[in-house]
């Protein structure tokens, strides 16, 4: 199945506007989107629906559609329980209310049919995802002729909103992506990624930043942070008030952080082995030498957690145990449950990637960005189509969305190895199934207490998948593992500073439980989980010593000020 790219779809639609026939085709009101012919589409996909179920769905659909039509005939405005249609313009005009209500009715029954498909679970997931993408794309809010808010704006501004919208759309087409924020409002190192520090080491793969202490004394053992390599590290250092890095420094930790290179053609042959040996393991060694400590507190976020865990397992196979503790935030080690990303991974798609970039090549950052945007198309694509293009509104500045647009390329061989051995074949969790950097990987041999965090609404790393790491790490001493569940999603759940006093988190001291039992017995706490993590780090940071007065040492002198050059290289 070809990867669905909603941004490309919209660009295709808009490029057809010069063709009047296509205009009529694309601009049909969404109310005409009838779910009944979708049965033919499902047959084309090799899926079947039980005839009795299909008959029931058709009967229920016709009954609800008939009632909707009767209400329309007597000018009864339907109730629209969807935030896309919450503006008064959708409720003040019967035709627009009917259009939205018809769309929601059709959407509901299209998904009911997709859920009724008799097919293997993998096929069923793909069908459901494809149908949901089509439903999201066909919302009447996405088209000028069926969006009353955009029409009102057009009249109020005497056409200026449409002219501005077209200008913004053309600019985005030049960039190759939809603008989600005012990117001119931010600059890396100026108002994002501003924590004071120094680059003390670099190679082809990464720069290592040592952050300047803010306390007179620090914990003896340093904290090494490994962010994901699929995007920029400064998600952990956005603004001072929501910076994970700044928080850790203020808690008295000497923080080292890996800033991954944004790969170009010179890195087209870099492998997963390189990311482990020349990346994470080298960062561990440099942090040890600069701090003069055999033990460090290791930290990994998302793919960074997979990388640092693999590196510690490789070192364990060599008889080395450098971690005093291991922190994993929204990390997959067991890839049994991979959420909606599972629809993009099967043998055919992995082989296609291997044939094109498996030996040499670059996976463009925009490909990854489009994939992740499609997972939440209404929030990350169509919302901006409506505001930026149909209404001509300029997106406001937002640091998180600026980071989200700052994508990163990946070396083809590294990406293909990761895709096959983790997402497709799930070998990382199997002791000895993989050989990395010349050593057999066994996560159970990592000798360190672990703090494992999952976000409850995470669609990229479902919290149950994050929890599964508790069975792989310290398998004979599970009381060394601590799992904490936070509210919200993959990013917002992690970046939740205590000062904001937002959201909540759950804890349960019993580690040897299944997910349902763990949650049923968990205690909810208001606010941020960061203080829980800080207490954990404090237990394993060693005694307090005088803070270093200068970064690096004679072997690893200062190279440049943080955030360094690597993070400023853009994929586009």
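In the working numbering, the protein residues as written are 7 to 578.
Backbone N, C-alpha and C define an ideal beta-carbon position, used for all residues, glycine too.
As the structure is a prediction and not an experimental result, all values here were calculated from the model.
Would the beta-carbon of residue 167 fall within 8 Å of that of residue 228? Contact: no.
Do residue 219 and residue 152 have their beta-carbon atoms positioned less than 8 Å apart in this structure? no
Are the segment 459-475 and the segment 320-338 in contact at 8 Å, needing three or more beta carbon pairs? yes
In this structure, does DSSP put residue 75 in helix, strand or coil? helix
For a test of the three-state rule: what should DSSP assign to residue 27, helix, strand or coil? With a pLDDT of 40 at residue 27, under the threshold of 50, the modelled position of that residue is not reliable, and the figure given next carries that caveat. DSSP places residue 27 within a helical segment (H, G or I) once states are collapsed to three.
Between which two residues does the alpha helix (DSSP H) harbouring residue 424 extend? Membership of residue 424 in the alpha helix (DSSP H) is indicated by the continuous run 418-424.
On the three-state DSSP scale, how would you describe residue 504? Residue 504: helix per DSSP, three-state reduction.
The ligand ZN heavy atoms versus the CB of residue 483: any closer than 7 Å? In terms of ligand content, the structure shown is empty, and the ligand ZN therefore cannot be addressed.
Decide if residue 159 is buried, meaning its Cβ has at least 16 other Cβ atoms within 10 Å, or exposed. Classification of residue 159: buried, given that the 10 Å Cβ count is 16 or more.
Rounded straight-line distance, which links the Cα of residue 475 to that of residue 569: 31 Å
Per DSSP, cross-strand counterpart(s) of residue 536: DSSP lists no partner for residue 536.
Taking the CB atoms as reference points, tell me whether residue 242 and residue 262 lie closer together than 8 Å. no
Among all the DSSP beta bridges, which residues are the ones paired with residue 567? 204.
Buried or exposed: where does residue 25 fall if 16 or more other Cβ atoms within 10 Å of its Cβ makes it buried? Because residue 25 sits at a pLDDT of 39, beneath the cut-off of 50, its placement in the model cannot be relied upon, and the point is left open.
Taking the Cβ atom as the reference point for each residue, do residue 276 and residue 419 lie within a distance shorter than 8 Å? yes
Using three-state DSSP, classify residue 378 as helix, strand or coil. helix
Please name the residue, chosen from 392, 522, 444, 273, that lies closest to residue 171 on a Cα-to-Cα basis. 392
Taking the Cβ atom as the reference point for each residue, do residue 443 and residue 283 lie within a distance shorter than 8 Å? Judged by beta-carbon spacing, residue 283 lies within the 8 Å limit of residue 443, meaning their Cβ atoms are closer than that value.
Can you check the segment 445-471 for any alpha helix (DSSP H) of at least 4 residues that lies completely inside it and give the ranges in chain order? Qualifying alpha helix (DSSP H) stretches: none in this window.
Three or more C-beta pairs closer than 8 Å, one from the segment 284-295 and one from the segment 198-211: is that the case here? yes
Residue 136 to residue 381, Cα distance in whole Å? 11 Å
State the DSSP-derived secondary structure class of residue 63, mapped to helix, strand or coil. helix
Nearest residue (CA-CA) to residue 488, options 458, 496, 357, 146: 458
Going by the CB atoms, is the gap between residue 387 and residue 184 shorter than 8 Å? yes
Going by the beta-carbon positions, is the gap between residue 550 and residue 417 smaller than 8 Å? no
What distance in whole Å lies between the Cβ atoms of residue 413 and residue 371, which are believed to be in contact at a cut-off of 8 Å? 3 Å
Using the DSSP secondary-structure output, state which residues sit across from residue 332 in a beta bridge. According to DSSP, residue 332 bridges with 304, 456.
Specify whether the segment 511-531 and the segment 300-307 touch according to this definition: at least 3 beta carbon pairs, one from each stretch, less than 8 Å apart. Contact annotation: the segment 511-531 does not touch the segment 300-307, with fewer than three C-beta pairs closer than 8 Å.
Please give me, in chain order, every unbroken run of the alpha helix (DSSP H) with length at least 4 that falls completely inside the segment 349-419. 353-363, 371-381, 405-411
Measuring CA to CA, which of 103, 84, 116, 478 is closest to residue 66? Among 103, 84, 116, 478, the Cα nearest to that of residue 66 is on 116.
According to DSSP, is residue 558 helix, strand or coil? coil
Helix, strand or coil, according to DSSP, for residue 285 in the structure here? helix
With DSSP run on the structure shown, which of helix, strand or coil describes residue 574? helix
Would residue 154 pass as a contact of residue 225 if the rule is Cβ separation under 8 Å? No. Outside cutoff.
Under a three-way DSSP split, which group does residue 195 fall into? coil
Taking contact to mean at least 3 C-beta pairs separated by less than 8 Å, is the segment 528-540 in contact with the segment 489-502? yes
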